[in-house]
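Asker:
Residue numbers (this note's numbering): 119 to 261.
1. Roughly how many angstroms separate the alpha carbons of residue 166 and residue 259, rounded to a whole number?
2. Give the DSSP-derived three-state secondary structure of residue 192 in the structure shown.
3. Alpha carbon to alpha carbon, what distance is there between residue 168 and residue 245?
4. Check for me: the beta strand (DSSP E) holding residue 241 runs from which residue to which?
5. Report, in whole angstroms, the separation of the C-beta atoms of residue 172 and residue 214, which I expect to be a contact under 8 Å.
6. What three-state label does DSSP hand residue 249 in the structure shown?
7. Between the Cα of residue 175 and the Cα atoms of 243, 216, 248, which residue gives the shortest distance?
8. Please name the residue in 243, 208, 156 whose C-alpha comes closest to that of residue 184.
9. Which residues share a DSSP beta bridge with residue 204?
10. Let me check understanding here. Comparing Cα to Cα, which of 155, 222, 239, 163 lies closest to residue 198?
11. Residues bridged to residue 99 by DSSP?
12. In terms of DSSP beta bridges, what is residue 197 paired with?
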């Protein structure tokens, strides 16, 4: 059996997530690219470098998750957590007006019976960066 293609369907440019449980901005201004990519299960094309870019004046806490994507007979998307693909890093602080590169790697079997689709969600994490700065710890050394 030959290796097949695993398709990554990246969500449309940017995923905006409002945080109801923190004082962080409701919408983070960032984008993720590429939107669509094609990977094989073996060789040089079994991984991909992607980019998250900030258009915001403040740092943005980000979380990244990967799901296998299937469709129901009614055309509804079903997302299932997967270990066939991994991404690194999965959590990070995106600097103001900065960018971060992510590595997406195929970890599933070399031979798959059919093409697979995946969705990578890049979301504004529910973390209040200002609270972290205010409650900073200090260490005093006694000599």
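The beta carbon of each residue, even a glycine, is placed where N, CA and C say it ideally should be.
Note that this is a predicted model, so its numbers are computed, not measured.
Answerer: Answer, in terms of the structure:
1. Your numbering for residue 166 matches position 48 in the chain shown. Your numbering for residue 259 matches position 141 in the chain shown. For residue 166 and residue 259, the distance between alpha carbons rounds to 46 Å.
2. Here the question's residue 192 lines up with position 74 in the chain shown. Correct three-state label for residue 192: coil.
3. Taking the chain shown and counting its residues from 1, the one referred to as residue 245 is at position 127. Taking the chain shown and counting its residues from 1, the one referred to as residue 168 is at position 50. In a straight line, the C-alpha of residue 245 is about 23 Å away from that of residue 168.
4. Locating residue 241 in the chain shown gives position 123, where the first residue counts as 1. Counting along the chain, the beta strand (DSSP E) containing residue 241 begins and ends at 234-242.
5. Taking the chain shown and counting its residues from 1, one reaches residue 172 at position 54. Taking the chain shown and counting its residues from 1, one reaches residue 214 at position 96. Taking a contact as a CB-CB distance under 8 Å, the pair residue 172 and residue 214 counts as one, their CB atoms being some 6 Å apart.
6. For the purposes of this step, residue 249 is taken as the residue at position 131 of the chain shown. In the structure shown, residue 249 sits in a helix (DSSP, three-state: H, G or I).
7. As a position in the chain shown, residue 175 is number 57, starting the count at 1. That would be 216, whose Cα lies nearest to the Cα of residue 175.
8. One-based indexing of the chain shown puts residue 184 at position 66. Nearest option by C-alpha distance: 208.
9. If you number the chain shown from 1, residue 204 lands on position 86. According to DSSP, which records beta bridges pairwise, residue 204 is partnered with 223.
10. Sequence index remark: in the chain shown, residue 198 carries index 80 (1-based). Of 155, 222, 239, 163, the residue nearest in Cα terms is 239.
11. One cannot answer for residue 99 here, as it falls past the ends of the chain, which runs 119 to 261.
12. Indexing the chain shown from 1 puts residue 197 at position 79. Note: residue 197 sits in a beta bridge opposite 187.
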